[in-house]
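Numbering-wise, the sequence shown is residues 0 to 620 according to numbering that gives the first Met the number 0. Backbone N, C-alpha and C define an ideal beta-carbon position, used for all residues, glycine too. Here the structure is a predicted model, which is why all the values come from computation and not from measurement. Working notes for the structure below.
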Amino acid sequence: MVDHDLQTLDAIVEAYKQDQRRIRGLRETTLQSYEQVIRPFLRTTLGEDPLDLTRLMPPDVVKFVTSLQDRYAASSITQTSTALRSLFRFLRMKGYCDEKLELSVPTVARWGLASLPRCLDEQQLKQVLEGFDRSTPCGQRDLAMVLCLSTLGLRPRELAELRLEDIDWRVGTLRLSTRKTRRGAVLPLPREAGEALVTYLQKGRPDDRASCICAAWQPPPWHSDFGSRHHSGSGSRHSTCGSGFTARGCLCLPSHGRWPAGEAWRTSQGGGRLSWPSKPRHDHDLRQAGPVGTAGRCAALAGGIAMTDSSLLADVEEYLAYRRGLGYGLATAACHLRSFAQHAEQNGHRGPITVDLAVRWALCSRSQKPAQAARRLAFIRQFARHRALIDPATEIPPADLLGRVPHRRQAHIYSDVEISALLQQAGRMRPHGGLCPKTYVAFLGLLLSTGLRLSEACRLTCDDVDVQQGLLTIRQTKFRKTRCVPLHPSTTQALKQYATDRDAFVHSDPASFFFRTQRAPRLMPDTVQSAFGCIRRRLGWTDQGRARRPRIHDTRHTFAVRRLLRWYEEGADIGQKMLALSTYLGHARISDTYWYLTGVPELMAIASKRFEPNKTRGRQP
0 MVDHDLQTLD
10 AIVEAYKQDQ
20 RRIRGLRETT
30 LQSYEQVIRP
40 FLRTTLGEDP
50 LDLTRLMPPD
60 VVKFVTSLQD
70 RYAASSITQT
80 STALRSLFRF
90 LRMKGYCDEK
100 LELSVPTVAR
110 WGLASLPRCL
120 DEQQLKQVLE
130 GFDRSTPCGQ
140 RDLAMVLCLS
150 TLGLRPRELA
160 ELRLEDIDWR
170 VGTLRLSTRK
180 TRRGAVLPLP
190 REAGEALVTY
200 LQKGRPDDRA
210 SCICAAWQPP
220 PWHSDFGSRH
230 HSGSGSRHST
240 CGSGFTARGC
250 LCLPSHGRWP
260 AGEAWRTSQG
270 GGRLSWPSKP
280 RHDHDLRQAG
290 PVGTAGRCAA
300 LAGGIAMTDS
310 SLLADVEEYL
320 AYRRGLGYGL
330 ATAACHLRSF
340 AQHAEQNGHR
350 GPITVDLAVR
360 WALCSRSQKP
370 AQAARRLAFI
380 RQFARHRALI
390 DPATEIPPAD
400 LLGRVPHRRQ
410 AHIYSDVEIS
420 ALLQQAGRMR
430 PHGGLCPKTY
440 VAFLGLLLST
450 GLRLSEACRL
460 TCDDVDVQQG
470 LLTIRQTKFR
480 KTRCVPLHPS
490 TTQALKQYAT
500 DRDAFVHSDP
510 ASFFFRTQRA
520 PRLMPDTVQS
530 AFGCIRRRLG
540 WTDQGRARRP
550 RIHDTRHTFA
560 VRRLLRWYEE
570 GADIGQKMLA
580 LSTYLGHARI
590 SDTYWYLTGV
600 PELMAIASKR
610 FEPNKTRGRQ
620 P
C-alpha cells in the first residue's frame with residue numbers, strides 16, 4: 000500500500016532514517032552518510048518538491064551510479080550502491096516500487112592486493128611516547144590515550160566514549176559497553192596504561208561533572224594541518240596484533256589513505272605534539288587503468304541501457320561496456336556472450352532471451368563435460384538478469400539447471416622427484432645446447448621458487464629483474480596492481496647465470512623481455528603451455544582415474560603449500576604468516592590464500608595433528 004505522505008525530500012529522508020533506526024538499528028553516523036547519497040540522487044532524478052517516487056526507473060539508477068566513476072573511488076561508489084539498495088528496500092515496503100529497482104543498482108569491482116601494515120620498531124615507538132610533554136595536562140591526556148589505543152587495541156570511538164565508571168580499579172579491568180559489534184567486553188588494564196590514566200585523572204583532567212575520561216577541551220594529537228579533515232586513530236588499535244606480527248611490539252600504521260602511510264611518526268622538539276608527515280597521495284591506479292575513464296564514456300554507458308530494438312549482439316556490447324565501466328575485465332565473459340549472440344542470429348532468433356535458447360547454446364560446446372555446459376550457462380544467466388531490468392520479457396535461466404558450476408579443482412603438489420624430473424626433461428628440449436632448454440629450465444625454476452603466475456613471469460623484462468638486489472618487480476598483475484617479490488639467494492644466482500647464458504646467444508637491452516629464445520623475442524603463455532604439454536607427455540603424466548594430470552599453474556600451488564608446510568614444521572603462527580604470503584602471491588583477498596588450508600589434503604592432515612595434543616589434554620582420566 001502506497002504511503003501518500005512521502006511527497007517531499009525532507010519527509011522521505013526522515014521517514015527512511017526512522018525506519019532504519021527501528022528495524023536495522025543503524026547508527027547516526029551511518030545514516031548521515033546514507034543521507035548524503037540519497038538526497039542528491041532523489042533531487043537529481045526527480046527534481047523539486049513534490050516528488051513522485053513512482054517515476055523511479057532502473058536506467059535512472061544506473062545513470063546516477065555510473066556518473067560517479069570519474070569523481071569518486073571504488074569504495075565511495077560501493078557505499079553509494081549500498082545506500083541506494085537500502086533506500087529501495089524501504090520504498091518497496093512502502094509500495095512505491097518493486098524489487099527490480101533494487102536489483103538494478105550496479106556492483107562496482109573493488110580489486111586490491113592484500114598488503115602488510117606499516118609498523119614502527121621499538122625505538123620509533125619509544126620516540127613517539129617520549130614526545131609528549133608529561134608536565135602539561137594536554138601531554139598527560141594524549142599519553143594516556145595513545146597507550147590505551149596501542150596496548151588495548153581500542154577503537155577511537157570506544158576510547159572517546161570511555162567513562163569513569165567503566166574502569167574497575169580494584170581488579171584492574173576496563174569495561175566496554177558500546178562497541179562496533181554492539182557487544183560489551185571486559186579487558187584487563189595494562190599497568191603502563193593504568194598508571195598513565197591515573198596520572199591524567201589526578202593532575203591533568205579538568206574538574207567538571209562530565210563522566211567521559213578523555214575531555215575534549217583540546218584537539219587530540221591526530222588532528223592534522225590538512226584543513227578540517229583529521230586522521231583516524233585506528234592505526235594505534237593495530238599495535239596489539241602488530242606486536243605479535245612483527246615480534247617486536249611495534250605500532251602498526253595501515254595504509255588506507257587517511258593515515259600518513261609508509262612514513263614514521265615524527266615528534267617535535269617541544270610542546271609534546273606530534274608533527275605529521277605530508278598528506279599521502281591516494282592510489283587511483285585501478286580507476287585510471289579502467290576501460291572507462293571519462294565522463295563522456297560514463298554518460299554513454301548510462302544512455303546505453305535504454306530500451307532499443309537493436310540486435311542481441313549490440314545488447315551484448317552495451318552490457319560489456321557497462322560492466323567494464325564499473326571496473327570488471329570480462330575477457331572470458333565477452334568471448335562467451337558474443338558466441339551466444341552469434342548463435343542466436345544464426346538460428347534466426349529475434350526478441351528477448353529465452354531459457355531454451357540459452358540451454359541449446361550451452362550444450363553445443365566442443366567439450367561434452369557437464370561442468371563446461373554449466374559454466375557457459377552461468378554467463379548467460381548473469382547477462383539475462385541485466386537484460387530483465389530493461390526488457391521484462393527476458394527469461395532468466397534457473398540456477399543449477401545444468402548442474403552446479405565447479406569451483407576450484409584440487410591442486411597437484413609436485414614432489415621433489417617430480418620437480419627434478421620436470422627440470423631435467425626441460426633441459427633436454429631441442430635444440431640441444433641451444434638457448435631454448437636453458438630458458439625453460441630457468442623459467443620453470445622461477446615459477447617453482449616464487450609462485451608467480453604464468454602471465455607474470457612471461458611479462459618480466461630485464462629491467463624488472465634486479466639480480467643485484469635479488470628483487471622482481473611484477474607490473475600490472477591480474478588485479479592491475481604492481482608488487483615487488485624478493486628472491487632467495489639460490490634463485491637470484493640461477494637467474495644471473497641464465498642472463499649470462501642468454502646474452503651469449505642474443506643481445507638484450509633493459510626494455511627487452513627477460514625470458515626469450517633464439518627465434519622469439521619473448522615467451523608467450525600459449526607457447527609455454529604447449530611446451531609444458533610436451534614435457535608432460537614425455538614424462539608420462541596423464542590422467543589416472545579421478546586424479547588429473549599436473550598443470551603448469553600447479554607450480555604456484557606447490558610453492559604456497561611448501562611454504563605453509565615449512566611454517567607448520569617450524570611451529571610458526573600461521574595466522575600471522577598468512578598475510579605475508581597473500582601479499583607475496585599477489586592475492587586480492589586473503590581468503591584466497593586461506594583456501595590452501597582447506598583445499599590441500601597435506602595441510603589438512605598437519606593441521607589436524609596440531610589439534611590432537613589439545614584434545615588429549617582436555618580428556619578426563
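What number of angstroms, rounded off, separates the C-alpha of Gln371 from the C-alpha of Gly585? Taking the first residue of the sequence shown as position 1, residue 371 is located at position 372. Taking the first residue of the sequence shown as position 1, residue 585 is located at position 586. In a straight line, the C-alpha of Gln371 is about 28 Å away from that of Gly585.
Going by DSSP, what residues sit across from Leu175 in a beta bridge? As a working note, residue 175 is residue 176 in the sequence shown. Its beta-bridge partners are Ala184.
What's the call for Ala441, buried or exposed, on a 16-neighbour Cβ count within 10 Å? Locating residue 441 in the sequence shown gives position 442, counting from the first residue. Result: buried.
Going straight from the alpha carbon of Leu705 to that of Arg322, what length do you get? Residue 705 lies beyond the range of the chain shown here (0 to 620); nothing can be said about it.
In the DSSP assignment, what residue or residues form a beta bridge with Cys483? Working through the sequence shown from its first residue, we reach residue 483 at position 484. Its beta-bridge partners are Thr472.
Can you find at least 3 beta carbon pairs, one from the stretch 144-153 and one from the stretch 186-194, that sit closer than 8 Å? yes
On a CA-only basis, which of Ile573, Gln467, Asp465, Leu446 is nearest Cys457? Give me that one, please. Your numbering for residue 457 matches position 458 in the sequence shown. Checking every option, the nearest Cα to that of Cys457 belongs to Leu446.
Close-in-space but distant-in-sequence residues of the same chain around Glu98 (CB under 7 Å, 5 per side omitted): For the purposes of this step, residue 98 is taken as the residue at position 99 of the sequence shown. Once the five neighbours on either side are set aside, the close Cβ partners of Glu98 are Arg91.
Counterpart residues of Arg162 in DSSP-defined beta bridges: Taking the first residue of the sequence shown as position 1, residue 162 is located at position 163. Answer is Cys211.
Distance check for Gln35 and Ile76, CA to CA, integer angstroms please. Translated into positions along the sequence shown, residue 76 becomes position 77. Translated into positions along the sequence shown, residue 35 becomes position 36. If I take the Cα positions, the gap works out to 12 Å.
Answer yes or no: do Ile418 and Val560 have a C-beta to C-beta separation smaller than 8 Å? Counted from its first residue, the sequence shown places residue 418 at position 419. Counted from its first residue, the sequence shown places residue 560 at position 561. Not closer than 8 Å, so no.
Taking the CB atoms as reference points, tell me whether Leu102 and Leu388 lie closer together than 8 Å. Along the sequence shown, one-based indexing puts residue 102 at 103. Along the sequence shown, one-based indexing puts residue 388 at 389. With a cutoff of 8 Å on beta-carbon distance, Leu102 and Leu388 are scored as near each other.
Inter-residue Cα distance where the pair is Val404 and Arg337: Translated into the one-based positions of the sequence shown, residue 404 becomes position 405. Translated into the one-based positions of the sequence shown, residue 337 becomes position 338. Distance between the alpha carbons of Val404 and Arg337: 20 Å.
Nearest to Asp462 by alpha carbon, out of Tyr497, Asp508, Tyr439? In the sequence shown, counting from the first residue as 1, residue 462 sits at position 463. Closest by alpha carbon: Asp508.
If contacts are defined as beta-carbon pairs under 8 Å, then Ala530 and Tyr439 qualify, I think. What distance do you get, rounded to the angstrom? On the sequence shown, position 531 is the one that residue 530 refers to. On the sequence shown, position 440 is the one that residue 439 refers to. Between the beta-carbon of Ala530 and that of Tyr439 there is about 6 Å, and that keeps the pair under the 8 Å contact cut.
Which of the three DSSP states, helix, strand or coil, is assigned to Thr393? Looking up residue 393 in the sequence shown gives position 394. Thr393 falls in the coil class under three-state DSSP.
Touching or not, the stretch 419-436 and the stretch 516-529, by the rule of three or more beta carbon pairs under 8 Å? yes
State the CB to CB distance for the pair Phe478 and Ala333, rounded to an integer number of angstroms; the pair is presumed to be in contact (CB under 8 Å). Working through the sequence shown from its first residue, we reach residue 478 at position 479. Working through the sequence shown from its first residue, we reach residue 333 at position 334. Rounded to whole angstroms, the Cβ separation of Phe478 and Ala333 is 18 Å, and the two are not in contact under 8 Å.
Where does Ala340 land, buried or exposed, given buried means 16+ other C-beta within 10 angstroms? As a working mapping, residue 340 is identified with position 341 in the sequence shown. That one is buried.
Residues of its chain near Ala184, where Cβ-Cβ distance is below 6 Å and the 5 sequence neighbours each way are ignored: Within the sequence shown, residue 184 is the residue found at index 185, counting from 1. Cβ within range, chain order: Leu175.
Roughly how many whole angstroms lie between the Cα atoms of Asp465 and Leu422? Reading the sequence shown from its first residue, position 466 is the one you call residue 465. Reading the sequence shown from its first residue, position 423 is the one you call residue 422. Approximately 23 Å, taken between the alpha carbons.
Does Gly24 pass the burial test, meaning 16 or more other C-beta atoms within 10 Å, or should it be called exposed? Locating residue 24 in the sequence shown gives position 25, counting from the first residue. Burial call: exposed.
Where Leu50 and Leu5 are concerned, what is the direct C-alpha to C-alpha distance, given to the nearest angstrom? Within the sequence shown, residue 50 is the residue found at index 51, counting from 1. Within the sequence shown, residue 5 is the residue found at index 6, counting from 1. Distance between the alpha carbons of Leu50 and Leu5 is about 8 Å.
Can you tell me where the alpha helix (DSSP H) with Cys435 in it begins and where it stops? Start at 1 with the first residue of the sequence shown, and residue 435 comes out as number 436. Element bounds for Cys435: 434-449.
Considering only the alpha carbon of each residue, which of Val484, Ala425, Val505, Glu316 lies closest to Arg535? Looking up residue 535 in the sequence shown gives position 536. Comparing alpha carbon positions, the residue from Val484, Ala425, Val505, Glu316 closest to Arg535 is Ala425.
Have a look at Tyr327, Ala377, Ala383 and flag the residue whose alpha-carbon is nearest the alpha-carbon of Leu311. Locating residue 311 in the sequence shown gives position 312, counting from the first residue. Nearest of Tyr327, Ala377, Ala383 to Leu311, Cα basis: Ala383.
Tell me the rounded alpha-carbon separation between Phe504 and Ala498. Residue numbering aside, residue 504 sits at position 505 when the sequence shown is read from its first letter. Residue numbering aside, residue 498 sits at position 499 when the sequence shown is read from its first letter. Taking the straight line from one Cα to the other gives about 10 Å.
Buried versus exposed call for Pro205 [16 or more other C-beta atoms within 10 Å across all chains shown]: In the sequence shown, counting from the first residue as 1, residue 205 sits at position 206. Exposed, since its Cβ has fewer than 16 Cβ neighbours within 10 Å.
Let's test the definition: count the other Cβ atoms within 10 Å of the Cβ of Thr43 and tell me whether it reaches 16, buried, or not, exposed. As a position in the sequence shown, residue 43 is number 44, starting the count at 1. With fewer than 16 other beta carbons inside 10 angstroms of its own, Thr43 counts as exposed.
Pro369 - containing alpha helix (DSSP H), residue span: Numbered from 1 along the sequence shown, position 370 holds the residue referred to as residue 369. 369-387 is the span of the alpha helix (DSSP H), which, as asked, contains Pro369.
Assign Leu400 to one of three DSSP states: helix, strand, or coil. To locate residue 400, count along the sequence shown from 1; it is residue 401. Leu400: strand per DSSP, three-state reduction.
Taking the alpha carbon of Phe40 as the point to measure from, which residue in Gln19, Ile11, Arg21, Thr28 has its own alpha carbon closest? Translated into positions along the sequence shown, residue 40 becomes position 41. That would be Ile11, whose Cα lies nearest to the Cα of Phe40.
Could you pull the DSSP bridge partners for Asp9 from this structure? Taking the first residue of the sequence shown as position 1, residue 9 is located at position 10. Paired residue(s): none; Asp9 is not in a bridge.
Could you tell me if Gln19 is buried or exposed, where buried requires 16 or more neighbouring beta carbons within 10 angstroms of its beta carbon? By one-based count along the sequence shown, residue 19 stands at place 20. Buried: at least 16 other Cβ atoms inside 10 Å.
Check whether the Cβ atoms of Ala108 and Tyr327 lie closer than 8 Å to each other. Counted from its first residue, the sequence shown places residue 108 at position 109. Counted from its first residue, the sequence shown places residue 327 at position 328. Cβ atoms of Ala108 and Tyr327: closer than 8 Å.
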